[in-house]
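Here numbering that gives the first Met the number 0 is used: the first residue of the sequence shown is 0, the next is one more, and so on. Structure first, commentary second.
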Amino acid sequence: MNNTIMPRSSIWIGSAQRTHEHIAALLHETICGCSQDVCAEKELLFDKQHKQVMYIRPSAETYRMADIDAFLHRISCVGACATYCIIEHADRMPSLCAHAFLTLLEEPPQQYYFLLLGEHKHLFLPTIVSRATVFDSGVDGCCDENYQLFVDEFTQLLMIDREKRITSVEVFEQLLATNKIDISSIKNIIDALIDRMTMYGASPAVLNKLFLLYDKMPMPGGSEAFLRYVYLVI
Ligand SMILES: [Zn+2]
């Protein structure tokens, strides 16, 4: 067993599926070390069933203190062999939870490795980022320039307060009419929106609503209706 390739604390930025595959392959190399295509350990890792790997996820849209407490309780006894804790959606930690987590990373219990997964690096506590090795696979593709402009204008509309919003509906419809957004770009647009809205200081409640949109991807041909929905719900 060779643990040198896995840092004690690491942050993995990227889409959940891609990150999972990447980490499963890395853990297979670390825990098993064989190079066979068919391997029982490898299968367990890819199925998230390996006994040396612990998966932690938020019980709601974001982590709650109870989730963190339960996790701290689980790792309070020292295991006989290395345990890898995979913290899914670690970028959805309110500040109280993130600080509790930081305390853990400052004095990690022996034998434990912490892998924090998330899609957005800027949503991690900077003090957590500075304590971890960051692997950033980036977001799939990138908004092209036309979409950047669209996202900029859309962000500004969304940041206008509620009352003014009423008079901005026409502006929004105009924006939709002049930018034909392809369905395949919707995910990139939401990524970019979250980036911009964070930059402009949108509240955590608003950012959470944006995260929820990832589960509501539009049907083919429905990009306009989807963007209208985004406009109304944010
Ligand atoms: Zn193997």
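Beta carbons are placed, not taken as given, at the ideal position from N, Cα and C, and that holds for glycine.
What number of angstroms, rounded off, separates the C-alpha of residue i from the C-alpha of residue j?
i: Cys-234; j: Lys-47; result: No statement about residue 234 is possible, as the shown extent of the chain runs from 0 to 233 and does not include it.
i: Tyr-112; j: Pro-57; result: 19 Å
i: Ile-188; j: Glu-42; result: 35 Å
i: Ile-12; j: Pro-107; result: 21 Å
i: Ala-204; j: Ile-193; result: 12 Å
i: Tyr-228; j: Cys-31; result: 47 Å
i: Leu-174; j: Leu-157; result: 12 Å
i: Asn-119; j: Ile-127; result: The sequence given here places His at residue 119; Asn does not occur at that position. Cα to Cα, the separation comes out at about 13 Å.
i: Ile-85; j: Ala-99; result: 16 Å
i: Val-232; j: Leu-206; result: 12 Å
i: Thr-197; j: Phe-149; result: 17 Å
i: Ser-14; j: Ala-191; result: 14 Å
i: His-72; j: Lys-215; result: 34 Å
i: Ser-129; j: Leu-122; result: 13 Å
i: Met-64; j: Pro-93; result: 9 Å
i: Glu-105; j: Leu-95; result: 16 Å
i: Tyr-213; j: Arg-91; result: 13 Å
i: Cys-142; j: Cys-76; result: Since pLDDT at Cys-142 reaches only 48, below the 50 mark, its modelled position is unreliable, and the value read off the structure follows with that caveat. Approximately 46 Å between the Cα atoms of the pair.
i: Gly-140; j: Asp-36; result: Confidence in Gly-140 is poor, its pLDDT being 43 and thus under 50, which makes the residue's placement unreliable; the coordinate value appears in the next sentence. Those two C-alpha atoms are separated by around 30 Å.
i: Glu-223; j: Asp-181; result: 9 Å
i: Cys-33; j: Phe-70; result: 31 Å
i: Glu-169; j: Ala-176; result: 10 Å
i: Ala-79; j: Tyr-146; result: 52 Å
i: Asp-68; j: Gln-16; result: 27 Å
Give me, in chain order, the residues of the same chain whose beta-carbon lies closer than 8 Å to that of residue i; leave out the 5 immediate sequence neighbours on both sides.
i: Pro-6; result: Tyr-112, Ala-131, Thr-132
i: Tyr-199; result: Thr-154, Met-158
i: Arg-195; result: Val-150, Asp-151, Thr-154
Please work out which residues of its chain come closer than 7 Å, Cβ to Cβ, to residue i, disregarding the five sequence neighbours upstream and downstream, and give them in chain order.
i: Phe-225; result: Ile-185, Pro-217
i: Ala-81; result: Asn-2, Gln-51, Gln-110, Tyr-112
i: Ser-167; result: Leu-156, Ile-159
i: Glu-152; result: Leu-174
i: Tyr-54; result: Lys-47, Ile-85, Glu-87
Have a look at the options and flag the residue whose alpha-carbon is nearest the alpha-carbon of residue i.
i: Leu-211; options: His-88, Met-53, Arg-195; result: His-88
i: Leu-115; options: Thr-18, Ser-94, Gln-147, Leu-231; result: Thr-18
i: Gly-117; options: Ala-201, Leu-104, Phe-134, Gln-110; result: Phe-134
i: Leu-209; options: Ser-222, Glu-223, Tyr-230, Thr-29; result: Tyr-230
i: Gly-221; options: Ser-183, His-49, Asp-90, Gln-16; result: Ser-183
i: His-21; options: Leu-44, Asp-36, Cys-33; result: Leu-44
i: His-49; options: Tyr-83, Arg-195, Cys-76; result: Tyr-83
i: Ile-10; options: Gln-147, Ala-176, Leu-101; result: Leu-101
Which same chain residues end up closer than 6 Å to residue i when comparing Cβ atoms and leaving out the 5 residues on each side of it in sequence?
i: Ala-97; result: Leu-124
i: Asn-178; result: Phe-149
i: Ser-8; result: Leu-104, Phe-113, Arg-130, Ala-131
i: Ala-201; result: none
i: Phe-171; result: Leu-156, Tyr-230
> With a cut-off of 8 Å, do at least 3 Cβ pairs link the stretch 58–72 to the stretch 10–25?
Replying inline: Under the Cβ criterion (8 Å, minimum of three pairs), the stretch 58–72 does not count as touching the stretch 10–25.
> Taking a cut-off of 6 Å, which residues have a beta-carbon closer than that to any heavy atom of ligand 2, in chain order?
Replying inline: No copy of ligand 2 occurs in the structure displayed; its ligands are ligand 1 alone.
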